[in-house]
Every structure is written in C-alpha cells, then in structure tokens.
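There are 2 protein chains.
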Amino acid sequence: MSGPSTHEDWSDAQEEIMQATYHALLDHGYAGLSISRIADELDKSKASIYYHYDSKDDLLLTFLRYAVDQFLSSIDTETGGDPYEDLEHVIEKVLPLRLDEDEDQIHSVVFGLRGQAVTDETFREQFTEIDDRLAETLRTVIQRGIDDGRFRDVDVDRVTEHVVATINGAMYGRVTTDRSATVPAVRVSLLSYLDAELRRE
Amino acid sequence: MSGPSTHEDWSDAQEEIMQATYHALLDHGYAGLSISRIADELDKSKASIYYHYDSKDDLLLTFLRYAVDQFLSSIDTETGGDPYEDLEHVIEKVLPLRLDEDEDQIHSVVFGLRGQAVTDETFREQFTEIDDRLAETLRTVIQRGIDDGRFRDVDVDRVTEHVVATINGAMYGRVTTDRSATVPAVRVSLLSYLDAELRRE
Chain Z
0 MSGPSTHEDW SDAQEEIMQA TYHALLDHGY AGLSISRIAD ELDKSKASIY YHYDSKDDLL
60 LTFLRYAVDQ FLSSIDTETG GDPYEDLEHV IEKVLPLRLD EDEDQIHSVV FGLRGQAVTD
120 ETFREQFTEI DDRLAETLRT VIQRGIDDGR FRDVDVDRVT EHVVATINGA MYGRVTTDRS
180 ATVPAVRVSL LSYLDAELRR E
Chain L
0 MSGPSTHEDW SDAQEEIMQA TYHALLDHGY AGLSISRIAD ELDKSKASIY YHYDSKDDLL
60 LTFLRYAVDQ FLSSIDTETG GDPYEDLEHV IEKVLPLRLD EDEDQIHSVV FGLRGQAVTD
120 ETFREQFTEI DDRLAETLRT VIQRGIDDGR FRDVDVDRVT EHVVATINGA MYGRVTTDRS
180 ATVPAVRVSL LSYLDAELRR E
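Protein chains in written order, with numbering that gives the first Met the number 0: chain Z, 0 to 200; chain L, 0 to 200.
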C-alpha cells in the first residue's frame, strides 16, 4: 500500500484515511471495522473522518476504489515492454495462484461488499468504476500491441471485456466456492486465448 | 419452472416447495420472502416446510441449486447434435443478451446470496455445487466432441474452467455494475475462444 503515484488524484488527507482503513481492515476485518477504529489508527477524531465520508460503507467503497487504483497504477508502471509479456504480467498479478493472509482478507471484503451492488445503486457505481479501471489497464496494453504492429488489429473492447469477465469470474469463484482448480486453469487458458486472438502468425 | 426431469433426485414434496418458493420469490422478492408466504402459495402449514428446511436461507439455497439443476437439465436435453453448436446453445441460454423481469429477479437473488458465500461455509458448499453443475454440462459436450473426433484432444478441465469463469464473471458484472457491453462482447469472444481451442484445422 505504498509506492508509485496512483491514476486518480487523491489528496494527502484522503490517502492517510485510506492507509488507516487498510490497516484497520487487516486488524479487525470488515465486521470489526468502525470509524472509531480508523480514527484510532490515525490518532485523529471521528469527526475528521466524517468530514470526508458519510458512513462506514461510503468510506469502504472509496477505499476499494483507492486500493484497486493503487494496485493497478503500480502494475501500469511495470508494463511498457513486450505487450504479450505485459499481459502475462497483469494476469499473474491480478490472479496470483495463492493469496496471502492480507490479500485474502481484502478479497473477502471486496466480494462481500460487491453482493450489495445488486440492489444498491451507489455500490454499483463504485464497482462499475473498479471494473472500468481494470479494463483500462488491459486495453492500454492491447492497444499498444496493435499500434506497434505486434498484435493483430482486433476489436480491443471485445478482447478486453473477455479478459475482465474471466478474471472477475475466477476471483469470484475463489472466494465463493471450494473449487480450487479454477484459478490455475484460467491462468493458463487466458494466455492461450490471448495468444490465439492477438499474436500475428 | 416445469418440464424435463432434473439431474438430481428431487422428491415430489421438495418439488412442490421449490415451485412455491419460485412463485413467492417473483411476487415478493428476496426481502419480502418468508416461510409464511411460501406456505400460503402451497396452501400448507409453515410446519410442513420447516419439516424439510431449517430456515429461509436453507430453503433458498436449496431452491438455487434446484433452479440451476432444472435449468441445466433442460439445456442438457437440447444438446446432443454438433458439439460446437451445442456449446453455442449453452452459452446463449446461460448468457441471454437481455434478462426478462423474472430472470432479473432470480439473478439478483442468486448474486445477492452468493456474496454471503465469502464468509459462510454452508453457502460456499451450495455455490460449489452450482458451479460444478455448470461445469458438468460444458464438460460433457466438450468430451463428446473430442470422442467424436470433431474437437482437438484438449485438456477438457482447463477449457471448462475457463468457460465457467467467463460466464460467471459476465453474469456477475451484469448484476453488480452498469457496464452493459460485457455480456454481448463475451458472447462473441467465448465462441471465438472455443473455436480456436477446440476446432480441428
């Protein structure tokens, strides 16, 4: 949760609250998270947090967008070489074969909250932005490959949407089922898909 | 919610309760669903339902497994011809371009409940069975295509897992974001993927 600058503009005050939320979430989980505990992490008053966010859910949704943005911004800085290897790199980062304890905690919070997007428009807007952000990272690499002449001139949006759906389905399957074969299989099959779709003969 | 026999064995009493749950869910939604209302649909006592199910969630999870099993069993009876066309048919059925009002209601319930599988082992077991059931439908068609010599001798599980993940990601994206391009894009890209992976030159 530190390193390269993110894609969106986050103020210093926001960044501080986001970092405190991250640590409070790892220490106490979603159920145990409260504005008080985040304030304790920050050594500030609850009012200073309520100044920026209306509720715990408002703060958490912003945190999710922040975490995804920071994670993908960090990946973006690692790409720029061979576009096929860049796509491999993005997929390895987004779909690690194993989640460590912290990642597992964060994934659980993300997918637990995402269930609420089914009925809540505010949640849906945030998850729309989150998926848009992942699509942007993928689209940028694919478009560069086409511009370089290394990839075929495919429908970039179609390929991007496929990869976003497959990644989301695999991540979602990992946290909502006991089907452990999905992520390893998808890691291989996505590269096979991208190879067939994108690479010139 | 009627038609061909399902893959699992469901007793007549269970089937009756499942049909009543389906109608109660369409009439009242998840929030308004109660054992009383299901009993009303059935013209039976609440006790006769509690005899089979411990709680509303227990009943709903069984209903989801029933609905998925019945839906896929019905699709299974429609396949058996050209395996590539069969896969096209499964994908069209599972990922319709538009959901009617009833389908939208059921999808919302499925994905709303699935969020609870993140933290609840009982829910996770049910969604494991649900994804296993979809995988089985796909695997059967792919394996038949290989046995017939129409498909290449691929790793069936790998291809199946890819399709399950992509379908789930697309369905999930549809109910948790406003990104309307995903399902149409995935419908095309999945067939392109299957064509490249499976079809002999």
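Built from N, CA and C at the ideal position, the CB exists for glycine as well. Source: prediction; values computed, not measured.
Following the continuous alpha helix (DSSP H) through Thr78 of chain Z, name the residue where it begins and the one where it ends. Within the first sequence, the letter at position 79 stands for residue 78 of chain Z. From DSSP, Thr78 of chain Z is part of no alpha helix (DSSP H); its letter is neither H nor E.
Taking DSSP as the reference, what is the three-state secondary structure of Arg198 of chain Z? To locate residue 198 of chain Z, count along the first sequence from 1; it is residue 199. Three-state result, Arg198 of chain Z: strand.
Leu94 of chain L beta carbon less than 8 Å from that of Val182 of chain L: The residue given as residue 182 of chain L occupies position 183 in the second sequence. The residue given as residue 94 of chain L occupies position 95 in the second sequence. Closer than 8 Å, so yes.
Quick check: Leu71 of chain L and Thr159 of chain L, are their CB atoms within less than 8 Å of each other? If you number the second sequence from 1, residue 71 of chain L lands on position 72. If you number the second sequence from 1, residue 159 of chain L lands on position 160. No, the Cβ-Cβ distance between Leu71 of chain L and Thr159 of chain L is not below 8 Å.
Chain-ordered residues of the region 174-187 of chain Z with a beta carbon less than 7 Å from chain A: Although the question refers to chain A, the structure presented lacks it and instead comprises the protein chains Z and L.
Taking 8 Å as the threshold (beta carbon to beta carbon), is Asp161 of chain Z in contact with chain L? For the purposes of this step, residue 161 of chain Z is identified with residue 162 of the first sequence, where counting begins at 1. At residue 161 of chain Z the sequence reads His, which differs from the Asp that was named. Closer than 8 Å: yes.
Can you list, in chain order, the residues of its chain whose CB lies under 7 Å from that of Pro3 of chain Z, leaving out five sequence neighbours each side? As a first step, residue 3 of chain Z is located in the first sequence; it is residue number 4 there, counting from the start. With a pLDDT of 44 at Pro3 of chain Z, under the threshold of 50, the modelled position of that residue is not reliable, and the figure given next carries that caveat. Same-chain partners within the cutoff: Ser72, Ser73 and Thr76.
If you draw a straight line from the alpha carbon of Arg178 of chain L to that of Ala46 of chain L, how long is it in whole angstroms? As a working note, residue 178 of chain L is residue 179 in the second sequence. As a working note, residue 46 of chain L is residue 47 in the second sequence. Straight-line Cα distance between these residues: approximately 44 Å.
Just the C-alpha distance for Glu60 of chain Z and Thr175 of chain Z, rounded to the nearest angstrom, thanks. In the first sequence, the residue the question calls residue 60 of chain Z occupies position 61. In the first sequence, the residue the question calls residue 175 of chain Z occupies position 176. A quick correction: the sequence has Leu, not Glu, at residue 60 of chain Z. About 20 Å.
Exposure label - Val140 of chain L; buried when at least 16 CB within 10 Å: By one-based count along the second sequence, residue 140 of chain L stands at place 141. Answer is buried; the Cβ neighbour count reaches 16.
Counting only beta-carbon separations shorter than 8 Å, does Met0 of chain L have a partner in chain Z? Translated into the one-based positions of the second sequence, residue 0 of chain L becomes position 1. Because Met0 of chain L sits at a pLDDT of 43, beneath the cut-off of 50, its placement in the model cannot be relied upon, and the following sentence gives the value as read from the coordinates. Not an interface residue.
Say whether chain L places a C-beta atom closer than 8 Å to the C-beta of Thr139 of chain Z. For the purposes of this step, residue 139 of chain Z is taken as the residue at position 140 of the first sequence. With 8 Å as the cut-off, Thr139 of chain Z does not count as an interface residue toward chain L.
Any C-beta of chain L sitting closer than 8 Å to the C-beta of Ala12 of chain Z? Working through the first sequence from its first residue, we reach residue 12 of chain Z at position 13. For Ala12 of chain Z, the answer is no, since every Cβ of chain L falls outside 8 Å of its Cβ.
From Asp81 of chain L to Ile129 of chain Z, what does the alpha carbon distance come to, in whole angstroms? Taking the first residue of the second sequence as 1, we reach residue 81 of chain L at position 82. Taking the first residue of the first sequence as 1, we reach residue 129 of chain Z at position 130. Distance between the alpha carbons of Asp81 of chain L and Ile129 of chain Z: 39 Å.
For Gly144 of chain L, which residues from the same chain have a beta carbon less than 6 Å from its beta carbon, with the 5 sequence-adjacent residues on both sides left out? For the purposes of this step, residue 144 of chain L is taken as residue 145 along the second sequence, with counting starting at 1. Counting only Cβ-Cβ distances below 6 Å, and skipping sequence neighbours, we find Pro82 and Phe150.
I'd like to check one pair, Met170 of chain L with His106 of chain L: are the Cβ atoms closer than 8 Å? To locate residue 106 of chain L, count along the second sequence from 1; it is residue 107. To locate residue 170 of chain L, count along the second sequence from 1; it is residue 171. Against a cut-off of 8 Å, the Cβ pair of Met170 of chain L and His106 of chain L comes out as a contact.
Is any beta-carbon of chain L found at less than 8 Å from that of Glu91 of chain Z? What you label residue 91 of chain Z is simply residue 92 of the first sequence in a count that begins at 1. Not closer than 8 Å to any Cβ of chain L, the Cβ of Glu91 of chain Z fails to qualify, so no.
Between L:Ala180, L:Asp8, L:Trp9 and L:Ile34, which has its C-alpha nearest Val20 of chain L's C-alpha? Here the question's residue 20 of chain L lines up with position 21 in the second sequence. The sequence shown places Thr at residue 20 of chain L, not Val. Taking Thr20 of chain L as reference, the option from L:Ala180, L:Asp8, L:Trp9 and L:Ile34 with the minimal CA-CA separation is L:Ile34.
Would you call the region 99-118 of chain Z in contact with the region 102-117 of chain L, where contact means no fewer than 3 C-beta pairs closer than 8 Å? yes
Going by alpha carbons, who is nearest to Leu190 of chain Z out of L:Thr118, L:Arg157 and L:Arg198? Position 191 of the first sequence holds residue 190 of chain Z. Cα-wise, what sits closest to Leu190 of chain Z is L:Arg157.
Looking at Tyr192 of chain Z: is its Cβ nearer than 8 Å to the Cβ of Tyr192 of chain L? Taking the first sequence and counting its residues from 1, the one referred to as residue 192 of chain Z is at position 193. Taking the second sequence and counting its residues from 1, the one referred to as residue 192 of chain L is at position 193. Yes, they are a contact pair.
Proximal residues to Ile90 of chain Z (C-beta, below 6 Å), its chain only, five neighbours per side dropped: For the purposes of this step, residue 90 of chain Z is taken as the residue at position 91 of the first sequence. Closer than 6 Å at the Cβ level, and outside the excluded window around Ile90 of chain Z, lie Leu189.
Does the separation of the CB atoms of His22 of chain L and Glu40 of chain L fall below 8 Å? Counting from one through the second sequence, the residue named residue 22 of chain L turns up at place 23. Counting from one through the second sequence, the residue named residue 40 of chain L turns up at place 41. Their beta carbons are under 8 Å apart, which means His22 of chain L touches Glu40 of chain L by this criterion.
For a contact meaning CB atoms closer than 9 Å, what does Tyr83 of chain Z contact in chain L? Position 84 of the first sequence holds residue 83 of chain Z. Simply none; closest approach about 16 Å.
Using beta-carbon positions only, say whether Lys55 of chain L and Leu24 of chain L come within less than 8 Å of one another. Translated into the one-based positions of the second sequence, residue 55 of chain L becomes position 56. Translated into the one-based positions of the second sequence, residue 24 of chain L becomes position 25. It is not a contact, given that the beta carbons lie outside the stated cut-off.
Apart from the five residues just before and just after Leu133 of chain L, which ones in its own chain have a Cβ nearer than 6 Å to its Cβ? Residue 133 of chain L sits at position 134 when you count from the first residue of the second sequence. Val163, listed in sequence order.
Phe150 of chain L bridges to which residues according to DSSP? Translated into the one-based positions of the second sequence, residue 150 of chain L becomes position 151. BP columns for Phe150 of chain L point to L:Arg198.
In chain L, which residues lie with their C-beta within 9 Å of the C-beta of Phe110 of chain Z? As a working mapping, residue 110 of chain Z is identified with position 111 in the first sequence. Under the 9 Å cutoff, chain L gives Arg113, Gly114, Ala116 and Val117.
Flag this pair as yes or no: are the beta carbons of Asp68 of chain Z and Thr78 of chain Z separated by less than 8 Å? Taking the first residue of the first sequence as position 1, residue 68 of chain Z is located at position 69. Taking the first residue of the first sequence as position 1, residue 78 of chain Z is located at position 79. Cβ distance not < 8 Å, so Asp68 of chain Z and Thr78 of chain Z don't count as in contact.
On a Cα-Cα basis, can you pick out the residue from L:Glu120, L:Val153 and L:Glu124 that is closest to Glu196 of chain L? Along the second sequence, read from residue 1 onward, the residue named residue 196 of chain L stands at position 197. Comparing Cα-Cα distances from Glu196 of chain L to each of L:Glu120, L:Val153 and L:Glu124, the minimum goes to L:Val153.
Rounded to the nearest angstrom, what separates Arg199 of chain L and Thr127 of chain L at their Cα positions? The residue you call residue 199 of chain L lines up with position 200 of the second sequence. The residue you call residue 127 of chain L lines up with position 128 of the second sequence. Cα to Cα, Arg199 of chain L sits roughly 32 Å from Thr127 of chain L.
I need the straight-line Cα distance from Asp63 of chain Z to Val109 of chain Z, nearest angstrom please. Translated into positions along the first sequence, residue 63 of chain Z becomes position 64. Translated into positions along the first sequence, residue 109 of chain Z becomes position 110. Before going further, note that residue 63 of chain Z is Leu rather than Asp in the sequence given. Their backbone Cα atoms lie some 7 Å apart in a straight line.
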